[in-house]
Each structure stands twice: as structure tokens, then as C-alpha cells.
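Using our numbering, you'd call the opening residue of the sequence shown number 716 and step up by one each time.
We put the beta carbon where it would ideally sit given N, CA and C, even for glycine.
Read the structure below first, then the notes.
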Amino acid sequence: MPSANRDKIVEYCNTYLKVATFTDYCQNGLQVEGSPTVQRAVSGVSFSMELIRAAIRRKAQMLLVHHGIFGNDLPSPPQIRGVLRDRLKLLLQHDISLCGYHLPLDAHPLIGNNISLCKLLGVKKATPLCVGFVGDLEAPMQLAKFVDRVELKLDTRAQVIAAGPTKIRRVAIISGGSSFRFAEAARAGAQAYVCGDLKENVVRAAEETGITIINAGHYNTEKLGIQNLGKLITRKFRIPIEFVDIPCEV
């Protein structure tokens, strides 16, 4: 079976995703060091015991995730206990490396979560907006039909604050916990804003701003980028990477 060097995989991903250009609240790249040789890997949205067990069953030497270990997972001064201790123990017992890519994978203009959502939902001529994008539908569309498209393409049940026009064309997309960026979306001319969460204080403000918010779920808006990265690594290093879908309604 073909194999690849762990550090070369990480170096390739770090360079491709331009991680050095991002300020993030996690380590982008290698987070836990396991086997230096990788024959197969497992990818997923979020680091969890279930995902680790999936990697063990598949005899993988690497876990590739969007949500890995974040700064707030460790107290200050650091202590490793509870959930994090149990995850790390199992990971290290099986010599599995953990690699995480957060904001760089949201923002990437070719394989990232947000440009992938634009392509999936028919948002054309997309230009950067924070770590997301704003662009236009090919033709004006009834809001209800666009929401149907979001739910169908992302296999989700969207939460909608319909504060904008009933017919839309300009759409902003920022995946994950980003509803607080609705004002930036509105300033970019968006009539509807697809995001991955909805905070209580955002609802009235969005209504007063006149922009529709479509919360398609944190998990469901962030599945595409990590799958694309896995395919890229497979093409480059000839090792199999299996995406493991662990559905989350949030």
C-alpha cells in the first residue's frame, strides 16, 4: 500500500491553505503527533471520540478535521483532563496524528467551505467577504425557493429570519458561527445571508437592517472544505482518505 510522510502532508497543506497569513484561535496544521508514516487517513468536520474510533476501525494513521483542538479547550495554566484527556489518550494509544484546519479552510478561494457553498447554491461572481464570499444568483429568485435549495443541497432544515425582500439575487455566505457578521453582509449589498448559527441578539438587529438570515447549521455548512482537502491530499500523495459523516443538527 502506498504511504506518505506525515510532515510532508502537513507542509503541503499548510502551504496550499496559506495558514501563516491567518490569525486564528487554534493551531492550524499538526496538533497531535502520531505515526510519521501515513498509509490512510480519515477526515471529518469535528474532533470527537466517535471520529477517533472510526479512524481506528479503518487502521488510519491520521485524522484530518476542520474543528480540532481550540485554545478554549485548554484552561490557563494548561490542564489535560476530562473529555480532552480521554480523546488524546485514545489517539496516542493508536499512534494517530491529528491535523486541523479552521479559518484557512473556510476562506480558501478554490476548495474552502464558503466558495464550495457558493458553487453548490448557484452564487456566481463571488468576491471575498471576511472568510466567506458574496455574489449573485444567476437570476432573481423567490426567497422561499432559495431556502428550499439550501435545505435540499445541504440536507438540512434551515432557520430563517425573513427580514429582506421576498425575491433575492445577491447572497452572502459565511459558514459556521458567523451570524454576527450580518451587518457586513448587508453592507456588501446582500439581500440574504447564509450562515451556520443564529444568536438571539442578531434577530432584531437583522430585522431592523432588512437582511434575511438563513441559518443552515454549523455542521452542515462546514462539510465540504475538509472533503475537498482530503481529495487534494489523495491526488498528491496517493493515499486513501475517507470522510466520515457524523451528523449534527446544530
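If you draw a straight line from the alpha carbon of residue i to that of residue j, how long is it in whole angstroms?
i	j	result
Gly-891	Asn-720	31 Å
Ser-894	Ala-907	12 Å
Ala-921	Lys-914	11 Å
Lys-840	Asp-722	36 Å
Gly-879	Ile-929	11 Å
Gln-754	Ser-763	21 Å
Ile-811	Leu-745	11 Å
Lys-951	Leu-779	15 Å
Thr-871	Tyr-934	10 Å
Asp-851	Tyr-731	27 Å
Arg-796	Thr-842	43 Å
Leu-947	Arg-953	10 Å
Met-777	Arg-919	44 Å
Name the two residues that bound the continuous alpha helix (DSSP H) containing residue i.
i	result
Pro-843	First-last for Pro-843: 838-844, but that is the beta strand (DSSP E), not the alpha helix (DSSP H).
Gln-942	939-952
Leu-806	797-808
Gly-866	According to the sequence as given, residue 866 is Glu; it is not Gly. Counting along the chain, the alpha helix (DSSP H) containing Glu-866 begins and ends at 858-869.
Val-725	721-731
Ala-921	915-924
Around the C-beta of residue i, are 16 or more other C-beta atoms found within 10 angstroms, so that it is buried, or is it exposed?
i	result
Ala-735	exposed
Ala-854	exposed
Gln-808	exposed
Glu-765	exposed
Would you list the residues sitting across from residue i in a DSSP beta bridge?
i	result
Glu-957	Val-757
His-782	Ser-761
Arg-885	Asp-851
Where does the unbroken beta strand (DSSP E) through residue i begin, and where does it stop?
i	result
Ile-928	927-930
Tyr-908	907-910
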